[in-house]
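Notes to accompany the following structure.
Number of protein chains: 2
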Amino acid sequence: MDFSSFLISLGTSFVIFLVLILLFTFLSRKVGNKEVYYPNRIMRGMDPWEGGCRTRNPFAWIREAFSSTEQDVIAMSGVDSAVYFVFLTTVLEMLVLASIVLLPVLLPLAATENSVKSADTMSKRAFNDLDKLSMGHVKENSPRLWAFVIATYWVSFVAYYLLWKAYNHVSDLRAAALVSPKVRAEQFAIVVRDIPPPPQGQTRKEQVDSYFQTIYPDTYYRSMVVTNNKEVNTIWEELEGYKKKLARAEAIYAQEKHEGIRPTNKIGFLGLIGKKVDSIEYYSEKINELIPKLEAEQKVTLREKQQPSALVFFFSRVTAASAAQSLHARMVDTWTVMDAPEPRQLIWTNLPKKFYERQIRQSVVYVIVSLTIIFYMIPIGLISAFTTLTNLQKLLPFLKPIINFFKIKTVLEAYLPQIALIIFLALLPKFLLFLSKVEGIPSQSHVERAASGKYFYFTVFNVFLGVTLGGTLFDSLKTIEKNPNFIVSLLAESLPSNATFFLTYVALRFFVGYGLELSRIVPLIVYHLKRKYACKTEAELKEAWSPGDLGFATRIPSDMLIITIVLCYSVIAPIIIPFGVLYFGLGWLVLRNQASLAMSFFLVLKVYVPSYESYGRMWPHINRRIVAALLLYQVTTFGYFGIKKFYYAPILIPLPILSLIFSLVCRKKFYHFFQTTALDVACREFKETPNMEMVFRSFIPPSLTASDRAEEDQFDDALSQVSRSASFA
Amino acid sequence: MDFSSFLISLGTSFVIFLVLILLFTFLSRKVGNKEVYYPNRIMRGMDPWEGGCRTRNPFAWIREAFSSTEQDVIAMSGVDSAVYFVFLTTVLEMLVLASIVLLPVLLPLAATENSVKSADTMSKRAFNDLDKLSMGHVKENSPRLWAFVIATYWVSFVAYYLLWKAYNHVSDLRAAALVSPKVRAEQFAIVVRDIPPPPQGQTRKEQVDSYFQTIYPDTYYRSMVVTNNKEVNTIWEELEGYKKKLARAEAIYAQEKHEGIRPTNKIGFLGLIGKKVDSIEYYSEKINELIPKLEAEQKVTLREKQQPSALVFFFSRVTAASAAQSLHARMVDTWTVMDAPEPRQLIWTNLPKKFYERQIRQSVVYVIVSLTIIFYMIPIGLISAFTTLTNLQKLLPFLKPIINFFKIKTVLEAYLPQIALIIFLALLPKFLLFLSKVEGIPSQSHVERAASGKYFYFTVFNVFLGVTLGGTLFDSLKTIEKNPNFIVSLLAESLPSNATFFLTYVALRFFVGYGLELSRIVPLIVYHLKRKYACKTEAELKEAWSPGDLGFATRIPSDMLIITIVLCYSVIAPIIIPFGVLYFGLGWLVLRNQASLAMSFFLVLKVYVPSYESYGRMWPHINRRIVAALLLYQVTTFGYFGIKKFYYAPILIPLPILSLIFSLVCRKKFYHFFQTTALDVACREFKETPNMEMVFRSFIPPSLTASDRAEEDQFDDALSQVSRSASFA
């Protein structure tokens, strides 16, 4: 790719971005779209355009984003979102501080080098104007390389300082959230798994109660034995489906009342065949049929489908926090405990999985993930080699006339590999989420963290190393055969030639990705389509404009990939830093907007939303991965100095060691508090006495909630209450 | 070394053993030695020869050893000794079960092989009669090797089964000891370290009290702030020294009363120069001087030398067990907790060491240990090469006439390398104990476990690998230069040639080592010398015949070395197994005897004895190291099959993987309970209410115990009591 192609790609990206911003400005002024762009304002009963006129500055959202404080974000979107902003801010500061030193010093140093010699050695590769601004343009063993050494140290120390500050800050945020006087149900509960078979003559409930009653005579409240809810969930979902259909039929009937036509439907396959019936009557009948069936199934489930796992509730937060950290039984594979996740993110089906089953599942999943990482490498390597136009012309000769048209050719040349990459990456997250859930992790946030980790390794290994090494593999297959062991120098050697590829990738990601996200084109179209053709009731409409959650599982690894790329090139080709700054700066702005969107939606709708609060538990992972990126940066830069035949390159050796020590110290100092709750945080007192009945009820799955409130005694089968049971002396 | 030299060495070992046993029989009948041989009987007020006559069977101790049950051992010597016997029993069973299959099958198979071909390939090495009984005598790729493959599997599975059984058993022993209704002070206390500086206007004591009072409002009893006892200890030791000297002077005076001479001493350097004074008067005066000085220093220490560490006491065992496992502060480097060790094994000086200081000390110690392991390898490698007689003759020509005398030559040839090894190894344990203590570990038993681990790695790397590879290095330096990577095959290749060396080593260890231990020659001589020339008081006499503890820190790694050697040779040269059986069988017998000696001593003397109870915490380490030995065995045997050009050798590959899985499962299932106390074990109730005052007092170091019992209020400075302090609301 030459310089002009790079500029054109940059230009097109920017044009797309401008178009999207204009679209956003235009569309957001339309009254019909207000639910998509200003759900938070609507929900608070405010006018979406405040001043009331349509002269609102199209970039007013920027001012709004800046004016919201961290406390606002926590109040609106929870600690996890705030932590994500800490991440964005930290990376942004890191890049800004780096660019302050690197851009004014390194760029002139590289550009003014009279580089006849180095041009000789590099002549085999496409040499372009951009490369003149990079370290590749500096002569071998030139004294100017000292500046690059100092820059390497500067970036590292800036990163250490900011990461340390951020870890401290996040730890404060987490502690503040946990000491809050608000009663959170999950702070009073622990999850118990791997309960051994109950002794003869005791039910599972009695067993759990007597076990914990003995250990915690003063603070034990009651237990809820996990049941196999498969059948009851099926019936409940069927019932809910009919309830929705009934509401819909009634809405249609209400709309078309003047015509007096009662809605009808066919009861056969997919509503396409079979007898035609009156919808309202038919659904009401079905609902009346299902309610007693559900109640019967609830009773059977609670009595007979008890699993060897339970939720245990305590009167005190400290006891619950301490119990979740303590070994209860001598054999570690029985009575295993952990702190309870929020009710909404509990994965019930994973709770009864046995200890060794979980271990084996985890191992198997790790093997599958490793295989995936290795075998995805091949297609991506091929993509970066074959999606050059010359190859495409050979493979698909009918494209020739189009390709030969100059403008299209340049654009295609700039974008094809990146688009291929993005499509490939888009296929993966669902698969990784599925795999993480299969491991047996019982909380949604933990599943997402696990998936996010897998995705990170995937992107770094495949995208960064894959593309970098892959490009070189096709460029210089012979060189590798000679030195198969020297991967660091190989990596470093192939870095400069791929700089423009990644520059384009970053540009594409921030201009097009964030543009799309801000303009909300896709949700807008979906919303309008649904409103026109599908949604009939209020609930359906609200669901249609639900913005969903921020999707940390894929968002963070993508950002991680960007920061890895930017860090690795920061000294070798400092021109990449401004793009990184733009990416994270824009991200911060757009996300600030999105976060309030997502959360305000959740505040009102109160139905199931794929969202959760883990009190910043993902930060240790983020921190570790930034340090990993830093390590990769230090090693590759060191390797590149070696290629430049700089005799003092070993002066960089302390850096990777420092990074490892930094990571270790962070882990030692902070990590444990992110795994569990510190007791001096949990021991703050509440203003009001917590309502334990409410705490307990919040964990009952909806399918087991008694439809008739009077009949609550039925829960005593699996959801024991100590005061009523006489099972222990 | 040829076969006759091996037989002679075996013979001499056995003769030494017989002589020692006879000595034991003879000496133990002498009335004057009864304190050395039967301290336990004397302490129980029994006649040492029971029947009253001297016709007692000289091997009666064997019957006695067999008749004592595990419960007796626990009652007499504690769980740690019982666990050590479980180790000996397990290894013994393992070797017996292995020999039942291996000896009758493999020995004939190897001996009857018509091994012309293999003699060719092995011709360069000393080929002797013993080698005919080993796998080296079997032809390359012979079908007979299948029997050896099956044997390899058999030994491994026997080991897995017995280790699993033993781990379960030890876990039961530990649980039984921990639930015992006896009040043990350490079960009610936790150690708190890294306490942050107290806030303005609060003393350290108030800070600790208010911190734990808030978290455990119902179960907190009181705290004891750790003080810097250096000065007070010096004064106290001086005082105790004078008290001893006074008692001694009074004893001398009483003995020589009829002569009316009062004992005198010189007060100058070492009692050799200076003014002559009346001892009794002088020491009494000194004691009277020191007592007020000690009391003043105690007050200063308690008030002003408080350290950022404390012992915290709870009313309940469950709370203490749970508190020791829970994270208390957000920052892991503050308020770190751990379960309290027994008072007698607490290393006070290590308690106030800061978190990162401990981490750094640990790293530095690990580096030193690694260096020690590496640099000890060189002298040991040289020993095994130079202590052949031919080399000795060259180096020390004056020895020639002695060496050439046949008998001496053979004996020397057999023993020289082993004796050199044993001397080298004897120098090490103190150094490793010192290093482990420097790490900052606050309990003696943990220090010994840590030292034992270092010693194990040391012996395996240096003795086993060092001697094996060292011998080969000098034999065939050229072979290695060709294949520097293939260490496994190198190791396997050098195994058979060193078989006799290790056979002799094992024989020497069990005959001479255990003979010495049983006959107690060294303590006997020391005792008689002391009684004659040094000891004047009863207390001094008792100290003189103290048998000390079993010394697990060096005993276990030595045994581990033997089991590693025996396992590694078990299939390659099965003739080694009977020697292993003898070693561990004899060890079991002798130790049973020693254990009762050591413990009975402790029961009576009640002064400081270097002994402790860790409730079997060393078992996980033992288990892990046996599995490591097993792994080494499997890898070397696999390598040796490769050398035998056996095409089906890969059939052994699953074994090392199985060992790793076995180790992992053991760790997952059992290990956590050995690190900490399970709550359902700690929650058993006591018959009597524990006397918390006694629990608290048992932790006060002797130098801080008030000499005047009335003055106990002074402890309130550092040893706070909640009920009396008004520091928190």
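Residue numbers (the UniProt record's numbering), protein chains in the order written: chain A, 1 to 729; chain B, 1 to 729.
For every residue, glycine included, the Cβ atom is placed at its ideal position computed from N, Cα and C.
Looking at the backbone, the Cα of A:Phe638 and that of A:Tyr216 are separated by about 57 Å. Residues of the region 330-350 of chain A with a C-beta atom less than 7 Å from some C-beta of chain B are Arg330, Met331, Val332 and Asp333, listed in chain order. One thing to note: B:Leu88 has its Cβ within 8 Å of the Cβ of B:Trp588.
The DSSP-derived three-state label of A:Leu516 is helix. Within the region 293-326 of chain B, the residues whose Cβ lies closer than 8 Å to any Cβ of chain A are, in chain order, Val318, Ala321, Ser322, Ala323, Gln325 and Ser326. In the structure shown, the three-state DSSP call for A:Met338 is strand.
Annotated three-state conformation of A:Val277 is strand, per DSSP.
Residues of the region 149-174 of chain B whose Cβ lies closer than 7 Å to any Cβ of chain A, in chain order: Ser171.
Contact annotation: B:Leu95 and B:Val581 have beta-carbon atoms nearer than 8 Å. Around the beta-carbon of A:Ala110, 16 or more other beta-carbon atoms lie within 10 Å, marking it buried. A:Ile657 and A:Leu102 have their alpha carbons spaced roughly 23 Å apart.
Contact annotation: in the region 676-705 of chain A, residues whose CB is within less than 7 Å of a CB in chain B are Thr676, Ala678, Leu679, Asp680, Val681 and Cys683. The CB of A:Lys668 comes closer than 9 Å to the CB of Val332, Asp333, Phe355, Tyr356 and Gln359 in chain B, given here in chain order. Straight-line measurement puts the Cα of A:Arg29 at about 42 Å from the Cα of A:Trp236. Going by DSSP, B:Val566 is part of no beta strand (DSSP E) but of the alpha helix (DSSP H) stretching over Phe552 to Ser570. Residues of chain A with a Cβ closer than 9 Å to the Cβ of B:Phe673 are, in chain order, Leu327, Ala329, Arg330, Met331 and Val332. At a cut-off of 8 Å, the C-beta of B:Asp218 has a neighbouring C-beta in chain A.
In chain order, Val365 place their CB closer than 6 Å to the CB of B:Leu435, counting only its own chain and leaving out the 5 sequence neighbours on each side. At a Cβ-Cβ threshold of 8 Å, B:Phe670 and B:Ser171 count as neighbours.
In this structure B:Gln345 is not in contact with B:Ser284, their Cβ atoms being roughly 34 Å apart against a cut-off of 8 Å.
Here the region 209-224 of chain B lies against the region 309-328 of chain B, with 3 or more beta-carbon pairs under 8 Å apart. With respect to the 8 Å criterion, A:Ile563 and A:Val91 are classified as neighbours on the basis of their beta carbons.
Distance from the CA atom of A:Leu27 to the CA atom of A:Ala553, rounded to whole angstroms, is 29 Å. By DSSP's assignment, A:Thr69 forms no beta bridge with any residue. Within the same chain, Cβ atoms closer than 7 Å to the Cβ of B:Lys243 are found at Ile287, the five residues on either side in sequence being excluded. Cβ-Cβ distances below 8 Å link A:Val208 to Val192, Ile195, Ser223, Val225, Ala310, Val312 and Ser720 in the same chain, with the five nearest sequence neighbours on each side left out; the list follows chain order.
Inclusion of B:Ile577 and B:Ala247 in the CB contact set at 8 Å is not warranted, their separation being larger than that value. Taking a cut-off of 8 Å on C-beta distances, the region 665-684 of chain A touches the region 162-182 of chain A, as three or more cross pairs fall below it. When rounded, the separation of the alpha-carbon atoms in B:Glu693 and B:Pro701 is 15 Å. If you draw a straight line from the Cα of B:Tyr633 to the Cα of B:Leu567, it is about 6 Å long.
Judged by their CB atoms, A:Ile556 and A:Ile626 are not nearer to each other than the 8 Å cut-off. Within the same chain, Asp339, Ala340, Pro341, Glu342 and Pro343 come within 8 Å of B:Glu186 by CB-CB distance, once the 5 residues on both sides are set aside. For the region 568-593 of chain B, the set of residues with a beta-carbon nearer than 9 Å to any beta-carbon of chain A is empty. If you compare the alpha carbons of A:Pro442, A:Thr112, A:Glu297 and A:Asn233 with that of A:Ser142, the shortest gap goes to A:Thr112. Not one beta carbon of chain B lies nearer than 8 Å to the beta carbon of A:Ile190.
Under the three-state reduction of DSSP output, A:Tyr615 falls in the coil class, being neither helix nor strand.
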